[in-house]
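So the sequence shown is numbered by full-length UniProt numbering: it starts at 1 and just counts up by one.
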Amino acid sequence: MIQKRTDKPLLNKTEMTFGGLGIAPKLLDLILRLGFKTPTSIQHKAIPAAIEGNDIIGIAQTGTGKTLAFGIPLVQHILKAGREKGLIVLPTRELALQVNESIQKIGRGFGIRTVVLIGGTPIRPQIRTIRDNPHVIIGTPGRIIDHLEQRILSLRDVKILVLDEADRMFDMGFAPQINKILKVVPKDRQTMLFSATIPDGIVKIASNHMKLPVRVEIARSGTTAENVEHELFVVKKDQKFPLLRKLLEECKGSVLIFLRTKFGAKKICNNLRNTGISAAEIHSNRSLNQRREALEGFKLGRYRVLVATDIASRGIDVKGIELVINFDLPENPGDYVHRIGRTGRAGLAGKAVSFVFPDQGAKVREIERLTRLYLPISKLPDLSYNLNKHDKKRGR
């Protein structure tokens with residue numbers, strides 16, 4: 001039996017509204033008109049503290065409404081202060097584009113202008129937008145540093161700094177760039193840091209670069225959503241794809257499959273297409289436009305299956321993903337939390353299935369220690385039919 005957390009909810013759902021969070025009347029009216037009726041737990045706790053000007057450490061998984069938790073206070077501050085700016089730093093292009101979309105939703109009507117600074121897109125349009133003096137700068141660490149080093153971008157007016165998915169940025173090796181950015185932004189600023197886990201690098205940032213931060217913890221660091229069912233299958237290498245086919249036959253909803261390498265992701269995606277399954281792939285060998293098309297197609301249902309690597313998956317914010325499959329176990333136990341955070345969102349039930357080799361027991365125990373869950377092992381179903389079909393497809 002899966003061990004469940006027994007923490008009591010912070011507030012009864014009926015008590016949670018945007019009305020008492022200190023949001024300015026006109027901005028509140030817009031939020032309600034956009035259809036946001038009830039704040040999520042992270043929004044309910046972080047928004048009032050952020051509006052008061054506190055530094056924030058928000059511990060929450062993906063899919064918990066973090067963007068509005070920092071986006072609403074950011075927009076409200078800029079509307080009140082006038083010339084002051086916000087800087088949002090995050091790990092991937094896709095996440096930057098999605099955060100930009102959310103900020104524009106609540107800010108465009110008030111004249112808030114944004115710029116997105118990411119790789120994989122032409123730099124000249126970014127330069128033109130920077131020169132238009134946008135209110136909010138949204139970008140990945142590498143491209144932000146590029147613009148700083150070329151003296152195109154100035155951060156002297158930044159009064160709110162947001163580090164989103166900070167643990168993932170450290171996992172991806174962005175610590176030097178983040179430290180450079182922290183040296184450039186004004187010391188007299190508000191800093192909001194959001195993360196699913198709290199590794200040593202983040203503790204160091206909090207100690208050296210934040211002022212008495214308010215800790216907003218929606219889930220204990222490293223935990224996964226409570227409404228996700230977890231399951232393990234112990235497999236041999238040649239059983240992985242037949243088992244994948246079997247699971248896809250049983251699950252009729254949208255499925256997200258994780259692999260460790262871009263080559264593996266491409267291979268599995270091609271194999272699925274060859275068996276008649278509508279699948280798309282997201283990994284570092286795909287262009288930004290190809291990733292956008294794959295993600296949009298997955299959202300709209302053109303593709304039932306999305307195959308992804310960890311590095312390319314950070315912008316995947318899709319409601320209603322029924323099943324996440326770890327075709328390969330992640331190298332880092334923290335990545336298990338991030339992967340599984342794609343299902344079981346907004347109160348919906350989700351399922352996470354992982355394929356493990358017999359010698360990967362130590363990795364499983366690391367994940368269990370981090371998540372405080374017992375990951376139950378299930379008996380392999382009969383794969384003979386799928387094995388035969390797979391062999392025929394390969395011409396054996």
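Just so it is clear, CB atoms sit at the ideal spot from N, CA and C, and this is done for glycine as well.
Cβ-Cβ distance between residue i and residue j below 8 Å
i, j, result
"Ile78", "His147", "no"
"Leu256", "Ala308", "yes"
"Thr140", "Pro213", "no"
"Pro39", "Gly22", "no"
"Ile160", "Arg189", "yes"
"Ile152", "Ile118", "no"
"His338", "Ala166", "no"
"Lys26", "Ile42", "no"
"Tyr303", "Ser278", "yes"
"Val383", "Lys246", "The question names Val, yet the displayed sequence has Leu at residue 383. It is a contact, given that the beta carbons lie within the stated cut-off."
"Met169", "Asp55", "no"
"Leu163", "Val185", "no"
"Phe241", "Asn270", "no"
"Leu295", "Ile316", "yes"
"Ile112", "Gln76", "no"
"Ala46", "Val203", "no"
"Asp200", "Arg83", "no"
"Val89", "Ile181", "yes"
"Glu366", "Pro333", "yes"
Residue environment, residue i, which counts as buried when at least 16 other CB atoms sit within 10 Å
i, result
"Phe70", "buried"
"Tyr374", "exposed"
"Leu300", "exposed"
"Gly320", "exposed"
"Glu281", "buried"
"Lys80", "exposed"
"Phe263", "exposed"
"Gly58", "buried"
"Arg93", "buried"
"Val235", "buried"
"Lys379", "exposed"
"Gln126", "buried"
"Asn133", "exposed"
"Asn100", "buried"
"Gln150", "exposed"
"Lys13", "Here Lys13 scores only 42 on pLDDT, less than 50, and its place in the model should not be relied on; the value that follows carries that caveat. Under this definition Lys13 is an exposed residue."
"Arg372", "exposed"
Cut-off 6 Å between Cβ atoms - residues of its own chain near residue i, not counting five sequence neighbours on either side
i, result
"Ile137", "Leu87, Val115"
"Leu232", "Ser354, Val356, Leu375, Ile377"
"Asn326", "Phe258, Ser354"
"Leu306", "Leu256, Ala280, Phe298"
"Gly344", "Ala225, Asn227, Val228, Gly350"
"Thr17", "none"
"Asp328", "Leu259, Arg260"
"Leu32", "none"
"Ala265", "Leu259, Glu281, His283, Val307, Thr309"
DSSP state of residue i mapped onto helix, strand, coil
i, result
"Ile202", "helix"
"Glu366", "helix"
"Leu272", "helix"
"Phe174", "coil"
"Thr114", "strand"
"Val216", "strand"
"Lys299", "helix"
"His147", "helix"
"Phe241", "helix"
"Ser154", "coil"
"Asn326", "strand"
"Lys187", "coil"
"Gly181", "The residue asked about is misnamed: residue 181 is Ile in this sequence, not Gly. Helix."
"Ser195", "strand"
"Glu249", "helix"
"Leu163", "strand"
"Leu373", "coil"
"Ile277", "coil"
"Ser102", "helix"
"Leu383", "coil"
"Arg394", "With a pLDDT of 47 at Arg394, under the threshold of 50, the modelled position of that residue is not reliable, and no figure is offered here."
"Phe357", "coil"
"Ser378", "coil"
Close beta carbons around residue i, own chain, < 8 Å, minus the five adjacent residues each side
i, result
"Asp335", "Asp171, Asp310"
"Gln177", "Pro141, Gly142, Ile144, Ile145"
"Leu34", "Lys105, Ile106"
Closer than 8 Å to chain C by CB, residue i
i, result
"Gly201", "The structure shown contains no chain C; it holds only a single protein chain."
Beta-carbon proximity list for residue i, same chain, < 7 Å, skipping 5 on both sides
i, result
"Cys251", "Glu322, Leu323"
"Lys392", "Confidence is the limiting factor: at Lys392 the pLDDT is only 49, short of 50, which leaves the residue's position unreliable, though a coordinate-based value still follows. Here the set comprises nothing."
"Gly120", "Arg93, Ser287, Leu288"
"Leu30", "Ile106, Gly109"
"Gly20", "none"
Subject >> alpha helix (DSSP H) runs wholly inside the UniProt domain "DEAD-box RNA helicase Q" (16-44), at least 4 long, in chain order >> reply: 25-33
Original post:
Where in the stretch 116-144 do unbroken runs of the alpha helix (DSSP H), each at least 4 residues long, occur, reported from the N-terminal end onward?
Top reply: 123-131
Subject >> Completely contained beta strand (DSSP E) runs for the stretch 328-355, where each covers 3 or more residues >> reply: none
Subject >> Within the stretch 48-99, ranges of the beta strand (DSSP E) (whole runs, at least 3 residues) >> reply: 56-59, 85-89
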